[in-house]
Amino acid sequence: MSHLEMDTLNNLIFLIAGFTAVYFGGRYLVDGAAKLASAIGVRPFIIGTTIVAFGTSAPEFFLGLVAGMRGVSTVSLGNVIGANVSNITFILALCAIISPIVIRFDMVRREGMVALLSTILFLLLAFDGQISIFDGSLMIILFPLAIIILFFLSRREKPSDAVSMEYKEICSPCPKPLMSALTLLVGLMILLIGAQISIDSAVNLAKAFGISDFLIGLTLVTLGTTLPEITVSIVAAFKKGTDIALGNSFGSIVFNTLVVAGMGGIFQSLPLSNMLLITGVIPLVLFILLVILLLRRHGGINRKYGAMLLILYGIFLAINFAF
Numbered sequence: 101m102s103h104l105e106m107d108t109l110n111n112l113i114f115l116i117a118g119f120t121a122v123y124f125g126g127r128y129l130v131d132g133a134a135k136l137a138s139a140i141g142v143r144p145f146i147i148g149t150t151i152v153a154f155g156t157s158a159p160e161f162f163l164g165l166v167a168g169m170r171g172v173s174t175v176s177l178g179n180v181i182g183a184n185v186s187n188i189t190f191i192l193a194l195c196a197i198i199s200p201i202v203i204r205f206d207m208v209r210r211e212g213m214v215a216l217l218s219t220i221l222f223l224l225l226a227f228d229g230q231i232s233i234f235d236g237s238l239m240i241i242l243f244p245l246a247i248i249i250l251f252f253l254s255r256r257e258k259p260s261d262a263v264s265m266e267y268k269e270i271c272s273p274c275p276k277p278l279m280s281a282l283t284l285l286v287g288l289m290i291l292l293i294g295a296q297i298s299i300d301s302a303v304n305l306a307k308a309f310g311i312s313d314f315l316i317g318l319t320l321v322t323l324g325t326t327l328p329e330i331t332v333s334i335v336a337a338f339k340k341g342t343d344i345a346l347g348n349s350f351g352s353i354v355f356n357t358l359v360v361a362g363m364g365g366i367f368q369s370l371p372l373s374n375m376l377l378i379t380g381v382i383p384l385v386l387f388i389l390l391v392i393l394l395l396r397r398h399g400g401i402n403r404k405y406g407a408m409l410l411i412l413y414g415i416f417l418a419i420n421f422a423f
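If you want this note's numbering, it's the 1-based position in the sequence shown plus 100.
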């Protein structure tokens, strides 16, 4: 075996190890956060629509943080776009194929519209060819405002039984707050270590195969960081918890777009070519709009539309590899 082949094999092993650490770190972080919030009296519905939805995006956040510090924010940019497209097509498709998603549109319209508007904002800011420090700062500032608005609007409605029961199961029996906080911190440490290993090995593989950092982020890194979203959504689908699957997808898109991409712009200006807008960001906007229309007109996503979303995801990847 040549030296190049040995380096490639080592990087692949480290990448898998990094993804494994990211996955388990994400699980510990989400479980610890959910149980800690429950122990101090936060309602299960609020846990489900905030802490867990954004907690599953923790891998993207920490990979973006490490990528920015290492000066390879384009990996994070590819991961943001790839993870968002995966959330709205691949993950929802799997859920719909396992158990058709049936839900009233008014239950998710706010989350869906915030996800759509966040992505449109990202597109508008990127029209000048970059996400600048100013753009990134604006996105970071808008994130808590969006969450506050969603929080106050959601208080007007009673959460569905599916959401409440799912998170009662997660938080019961609930351990002592100290143990939950310890679980959260352990998850955080594992995530940080896994993120550093994943970024280093992914960049090395990109260089070895002559692939751009962005494309590596769009594919390999996305595969690793979306494992928590895939896990939560598929478990929810088996338990008929369509509220959770949809809420998790929309919530992750908002977090990835405003926080992870915004943070990347603050670390260093993120360049976005016209081709990247056409093959990456615009399709993401269209996919979110398509899912919202399906929910509005058909009251959910059946297996046929789930298969359609899966095909669209495959076409999206093929086009990005081609260009």
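All C-beta atoms in this analysis are idealised placements derived from N, C-alpha and C, irrespective of residue type, glycine included.
In the structure shown, P371 adopts extended strand secondary structure according to DSSP, grouped into three states.
The three-state secondary structure of I201, taken from DSSP, is strand.
The alpha-carbon of L225 is positioned some 7 angstroms away from that of D235.
Distances from the CA of L282 to each of Y128, I113 and N111 were compared; the closest alpha carbon is that of Y128.
The C-beta of D313 has 16 or more other C-beta atoms within 10 Å across all chains shown, which makes the residue buried. Inter-residue distance for A215 and Q230 is about 21 angstroms (C-alpha atoms, whole angstroms). With contacts defined by Cβ atoms closer than 7 angstroms, G324 and V175 do not form a contacting pair. About 7 angstroms separates the CB atoms of G182 and T319; that is less than 8 angstroms, so the two are in contact. Using a C-beta cut-off of 8 angstroms, the segment 350-360 makes no contact with the segment 403-414, since fewer than three inter-stretch Cβ pairs fall below that distance. Residue burial is scored here from C-beta neighbours: E160 has at least 16 other C-beta atoms within 10 angstroms and is therefore classed as buried. DSSP, reduced to helix, strand and coil, places G118 within a helical segment of the structure shown. Taken through DSSP and simplified to helix, strand or coil, G400 comes out as strand.
Apart from sequence neighbours up to five positions away, the residues of its chain that approach M239 with a beta-carbon distance below 6 angstroms are L358 and G362, ordered along the chain.
Going by beta carbons, N187 and S298 fall outside the 7 angstroms limit. Taking the Cα positions, L291 is about 35 angstroms away from L394.
For the set S173, N110 and I241, the Cα lying nearest the Cα of G317 is the one of S173.
Y413 and L177 have their C-alpha atoms some 18 angstroms from each other.
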